[in-house]
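Under our numbering, the first residue of the sequence shown carries the number 2, and numbering increases by one thereafter.
Report on the structure given below.
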Amino acid sequence: MKRLIDGFEHFRQQVFPLQRELFKKLASGQSPGTMFITCADSRVMPELMFNAQPGELFVYRNIGNIVPPYAQHVSGVVAAIEYAVRVLQVRHIVICGHSDCGAMKALRKPELVRSMPSVAAWLKHADVARYVVEQNHAELSDEQCLQCLTRENVVGQLEHLRTLPVVAAALASGSLSIHGWVYDIALAELQAFDAQRGRFVEIRAGHDQLPEATPHLRFAAAVASAA
Ligand SMILES: [Zn+2]
2 MKRLIDGFEH FRQQVFPLQR ELFKKLASGQ SPGTMFITCA DSRVMPELMF
52 NAQPGELFVY RNIGNIVPPY AQHVSGVVAA IEYAVRVLQV RHIVICGHSD
102 CGAMKALRKP ELVRSMPSVA AWLKHADVAR YVVEQNHAEL SDEQCLQCLT
152 RENVVGQLEH LRTLPVVAAA LASGSLSIHG WVYDIALAEL QAFDAQRGRF
202 VEIRAGHDQL PEATPHLRFA AAVASAA
């Protein structure tokens, strides 16, 4: 706790005074352009990764960057998405998985979460990734399998995202885009799902257009070549 309290004091003394005007403006409202859904993993820090200022990113985190399908499960993440789209009117939703994800490891080895019934039940929403990889890519090494599960889970969660009426309506009107990304912790690399090509491609500054994730196209067909 001392570490946190000292950290807050540093923020109050060193960071806040430099951005006093921004915080004054933000005190009465927010207008973030992007909702960023990622894993709760402590190594994934969206604001740090994107050099984002307060008020820019509407971040939601849970184990495995999961979005349960509509009507199957009333969850915090679904409520937050409705709020982000309807009230904040975000223009983008990103679902971002990451390397070395414990949730993805548990998909492969359910015994890892046997003593955690809530975690095991939550990960059922990512079962599609496990099943697709299991059925299509039995030959992969452990490392390749984890990478495929992580990517396939992002694509599966994008599909769930589209089942939310509020998201489907905003996509239909063209006011919202959805994106599926994977962040590599060791390499500081970002890859985005490109639905047109059915594969993940590296995101680099200077690229004209981000690949669109319109997840009616499945990813599995391209998993082997990407691994
Ligand atoms: Zn994770």
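Just so it is clear, CB atoms sit at the ideal spot from N, CA and C, and this is done for glycine as well.
Here the structure is a predicted model, which means the values were calculated and not measured.
Here Val167 really is in contact with Val86; their C-beta atoms are around 5 Å apart, less than 8 Å.
Of the heavy atoms belonging to ligand 1, at least one sits nearer than 8 Å to the Cβ of Ala41. In the DSSP annotation of this structure, the continuous segment of the alpha helix (DSSP H) that includes Phe24 starts and ends at Arg21 to Leu27.
Rounded to the nearest whole angstrom, the C-alpha separation of Cys102 and Leu162 is 20 Å. For Pro47, the CB contacts under 8 Å within the same chain, skipping 5 residues up- and downstream, are Phe37, Thr39, Ala53, Leu58, Val60 and Cys97 in chain order. Burial check for Ser119: the Cβ neighbour count within 10 Å stays below 16, so the residue is exposed. Judged by beta-carbon spacing, Thr35 lies within the 9 Å limit of Val95, meaning their Cβ atoms are closer than that value.
Sorting Leu191, Arg198, Thr151 and Gly56 by C-alpha distance to the C-alpha of Ala107 places Thr151 at the top. Excluding its 5 nearest sequence neighbours in each direction, Gly157 has C-beta neighbours in its own chain below 6 Å: Val129 and Ala130, listed in chain order.
With a contact defined as Cβ atoms closer than 8 Å, Gly65 and Ala127 qualify at about 5 Å. Of the residues Ser174, Ala28, Leu23 and Ala187, the one whose Cα lies closest to the Cα of Ser100 is Ala187. In the DSSP assignment, Val133 falls within the unbroken alpha helix (DSSP H) covering Asp128 to Asn137. Annotation: the continuous alpha helix (DSSP H) that includes Arg4 extends over Lys3 to His11. The region 46-73 contains, as complete alpha helix (DSSP H) runs of 4+ residues, the segments 47-50 (chain order). DSSP lists Cys97 and Ala193 as the beta-bridge partner residues of Trp182.
Residue pairing by DSSP puts Met36 in a beta bridge opposite Phe59 and Ile94. Of the residues Arg109, Arg198, Tyr132 and Trp123, the one whose Cα lies closest to the Cα of Pro70 is Trp123. For Ala130, the Cβ stays outside the 8 Å cut-off from all heavy atoms of ligand 1. Collapsing the DSSP output to three states places Arg198 in coil. Linking Leu172 to Arg115 through their CA atoms gives a straight-line distance of about 38 Å. Shortest Cα-Cα distance from Gln192 to any of Ser174, Thr164, Cys149 and Glu160 involves Cys149.
Annotation for Ile204: no alpha helix (DSSP H) segment contains it, and DSSP assigns it neither H nor E. For His161, the distance from the CB to the nearest heavy atom of ligand 1 is not below 8 Å.
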